[in-house]
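Residues in the sequence shown are numbered from 5 upward in steps of one, following the working numbering. Positions of the beta carbon are idealized from the N, C-alpha and C atoms, including for glycine. As the structure is a prediction and not an experimental result, all values here were calculated from the model.
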Amino acid sequence: MALVISGILATVIFESLLGQSRFARLQGARQEVQQNSRAALDLIGAELRGVAPRGLITAEPQSISFRSPRIWGVACGYLAGSLVVLFPSYAGDEGIPAGLRLAVESPAAGGWAFTSATGAPGSAALVTCNGQAGLGGVAPSPAATAERVRVYGGSSFPSDVAPGSRVYLYQSVSYAVGAGTGSSAGEQWILRDGTAFAGPVPANGLQLAYEYSGAGSGPDNVRSIGITVLANSRARFGQNRTPQDNTASTRIFLRNRVD
Numbered sequence: 005m006a007l008v009i010s011g012i013l014a015t016v017i018f019e020s021l022l023g024q025s026r027f028a029r030l031q032g033a034r035q036e037v038q039q040n041s042r043a044a045l046d047l048i049g050a051e052l053r054g055v056a057p058r059g060l061i062t063a064e065p066q067s068i069s070f071r072s073p074r075i076w077g078v079a080c081g082y083l084a085g086s087l088v089v090l091f092p093s094y095a096g097d098e099g100i101p102a103g104l105r106l107a108v109e110s111p112a113a114g115g116w117a118f119t120s121a122t123g124a125p126g127s128a129a130l131v132t133c134n135g136q137a138g139l140g141g142v143a144p145s146p147a148a149t150a151e152r153v154r155v156y157g158g159s160s161f162p163s164d165v166a167p168g169s170r171v172y173l174y175q176s177v178s179y180a181v182g183a184g185t186g187s188s189a190g191e192q193w194i195l196r197d198g199t200a201f202a203g204p205v206p207a208n209g210l211q212l213a214y215e216y217s218g219a220g221s222g223p224d225n226v227r228s229i230g231i232t233v234l235a236n237s238r239a240r241f242g243q244n245r246t247p248q249d250n251t252a253s254t255r256i257f258l259r260n261r262v263d
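See the structure below:
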């Protein structure tokens, strides 16, 4: 009888420990998907909040592409057919990254014009933008002790870029749902520029709802975006091997609108 009771107690203890282990795995999976969905939502939203007027390129229900500003500056004007631009520097500055394209403020272009020009280094002296003949005499802030000048040649700039016009360098960014690769192969992930960014997610793991303002429903008229991220856990539970899931949503308002 003692052996039978001991066996029953051992079984009860084992089942209790097994249940606690399953519960811990379940709680861990829930925490994983909550953190993943919220982190993805926060990062996507943060990039979209920085979009400047006319910054959206495409706006689809499950994908989006846009121009993400990286460095802001000011146009000094034209010199010998080239546009001279002034960008500030800062502590720890490692220079202007390669491949960034230029956006210039232009009323004739509907507010902003976008070019494929990447520019060449100009003189680092402030006089390049502040005193040379042919430029508008843009005076940098006296608080800025170190400045950078870039020279952009070519004919892709509108003619109404006046001294003092705002400019920025941007990177083209896209988000969509697609197949993961490497350790993520066989799963659907939110992709940033084609690279796995957050996941795994279901096929509808990124949902975008657009609110428009003004005439038309093109990217330039998007006033706000509702973003929903659905995330799955990698761990599966139960006989049907069902993942834990979580949904996170927000709505952000943009400066993208041109009206």
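If you count every other CB in all the chains shown that lies within 10 Å of the CB of D197, and 16 or more means buried, which is it?
With fewer than 16 other Cβ atoms within 10 Å, it is exposed.
Residues in its own chain within less than 6 Å of A252 by CB, not counting five upstream and five downstream?
S41, R42, L45 and V233
Is R42 helix, strand or coil by DSSP?
helix
At the level of alpha carbons, what is the spacing between D249 and S176?
31 Å
Under the assumption that W193 contacts G182 (Cβ atoms under 8 Å), give the Cβ distance between them as a whole number of angstroms.
7 Å
Just the C-alpha distance for V55 and Q35, rounded to the nearest angstrom, thanks.
Our two residues, V55 and Q35, have alpha carbons roughly 31 Å apart in a direct line.
Use the C-beta contact count for D164: other C-beta atoms within 10 angstroms, 16 or more gives buried, fewer gives exposed.
exposed
Kindly indicate which residue of Y172, I231 and R74 has the alpha-carbon position closest to the one of P65.
Answer by Cα proximity: I231.
Outcome for A112 when other beta-carbon atoms lying within 10 angstroms are tallied against a minimum of 16:
exposed
Could you spell out the range, first to last residue, of the beta strand (DSSP E) harbouring I75?
S67 to L83
With distances taken from CA atoms, which of P223, I100, A84 and G190 is nearest Y172?
I100
Quick one: measure Cβ to Cβ for G203 and G184, integer angstroms, because I've assumed they're closer than 8 Å.
6 Å
Taking Cβ positions, are F118 and A107 nearer each other than 7 Å?
yes
Leaving out the 5 sequence neighbours to the left and right, which residues in its chain are closer than 8 Å to A189 when beta-carbon positions are compared?
In its chain, beyond the 5 residues on either side, A183 have a beta carbon closer than 8 Å to the beta carbon of A189.
Kindly list the residues whose CB is nearer than 8 Å to the CB of P73, restricted to its own chain and excluding five residues on each side of it in sequence; keep chain order.
G54, V55, A56, G59, A107, Y172, L173 and Y174.
If I follow the unbroken beta strand (DSSP E) through V171, where does it start and stop?
R170 to A183
Could you check whether the Cβ of V37 sits closer than 7 Å to any Cβ belonging to chain D?
Looking at the structure shown, chain D is missing, and only one protein chain is on hand.
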